[in-house]
Amino acid sequence: MKNRWKIILIILLSALILFSIIFYVRASRPANTAKREAVALAKKYADMEEVDRFYWFSRKKTYFSLVGKDNKKNNIVVIIPKSGEKVTVYNQSEGLTETQALKKVIDSDHPKTIKKITLGMYNDEAAWEIMTANKNGELSYYLISFKTGKTINIIKNI
Numbered sequence: 000m001k002n003r004w005k006i007i008l009i010i011l012l013s014a015l016i017l018f019s020i021i022f023y024v025r026a027s028r029p030a031n032t033a034k035r036e037a038v039a040l041a042k043k044y045a046d047m048e049e050v051d052r053f054y055w056f057s058r059k060k061t062y063f064s065l066v067g068k069d070n071k072k073n074n075i076v077v078i079i080p081k082s083g084e085k086v087t088v089y090n091q092s093e094g095l096t097e098t099q100a101l102k103k104v105i106d107s108d109h110p111k112t113i114k115k116i117t118l119g120m121y122n123d124e125a126a127w128e129i130m131t132a133n134k135n136g137e138l139s140y141y142l143i144s145f146k147t148g149k150t151i152n153i154i155k156n157i
């Protein structure tokens with residue numbers, strides 16, 4: 000009788016693990032597809048050869064952004080609207096890196112945790128979006144200009 004319960008428990012745990020894996024794979028499919036399509040466009044329009052980071056930015060519109068190197072080993076940033084038209088390419092030296100954008104927010108507001116950072120376009124300007132949480136768990140959103148480093152918008156303590 001004990002062996003029967005062990006077998007049932009093993010079968011149930013195996014099924015739970017299997018369903019968890021299937022759920023995870025299906026849930027991550029849109030992000031993987033978006034990244035694959037963005038990389039293909041970045042290779043075509045910006046000669047991107049090496050991708051270091053992928054960002055999914057959703058504000059008024061959705062953008063997919065890549066940070067990496069082109070075929071001449073220059074550090075570049077490629078920002079692609081979800082529609083795939085009007086690909087924007089910057090040399091990384093033209094703007095803030097992820098680390099520099101984070102430092103601006105951390106130095107000014109000292110958040111407890113960084114929840115998310117992403118790069119995209121906001122009102123036709125390349126911008127870093129940084130989501131933080133304070134010690135009370137309240138969320139704040141910062142939009143920092145990629146080119147100037149100035150704060151475009153802040154939504155605090157949501």
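In this text, residue positions in the sequence shown follow numbering that gives the first Met the number 0: the first is 0, and each later residue adds one. We treat Cβ as the ideally placed atom computed from N, Cα and C, and that holds for glycine. Note that this is a predicted model, so its numbers are computed, not measured.
Cβ pair residue i, residue j closer than 7 Å
| i | j | result |
| --- | --- | --- |
| residue 52 | residue 121 | no |
| residue 78 | residue 92 | no |
| residue 161 | residue 45 | Absent from the structure is residue 161, since the part of the chain shown begins at 0 and ends at 157. |
| residue 136 | residue 62 | no |
| residue 150 | residue 143 | yes |
| residue 117 | residue 132 | no |
| residue 130 | residue 155 | no |
Helix, strand or coil at residue i [DSSP, three-state]
| i | result |
| --- | --- |
| residue 95 | coil |
| residue 123 | coil |
| residue 32 | helix |
| residue 157 | coil |
| residue 86 | coil |
| residue 115 | strand |
Beta-ladder partner(s) of residue i, from DSSP
| i | result |
| --- | --- |
| residue 152 | 142 |
| residue 19 | Answer is none; residue 19 lacks a bridge partner. |
| residue 55 | 63 |
| residue 159 | This structure cannot settle anything about residue 159, because the visible part of the chain is limited to 0 through 157. |
| residue 132 | 112 and 138 |
| residue 78 | 64 and 87 |
| residue 49 | 68 |
Nearest-angstrom Cβ-Cβ length linking residue i and residue j, presumed shorter than 8 Å
| i | j | result |
| --- | --- | --- |
| residue 158 | residue 60 | A query on residue 158 cannot be resolved here, the shown segment of the chain reaching from 0 to 157 and no further. |
| residue 68 | residue 48 | 6 Å |
| residue 125 | residue 87 | 7 Å |
| residue 103 | residue 148 | 6 Å |
| residue 30 | residue 55 | 7 Å |
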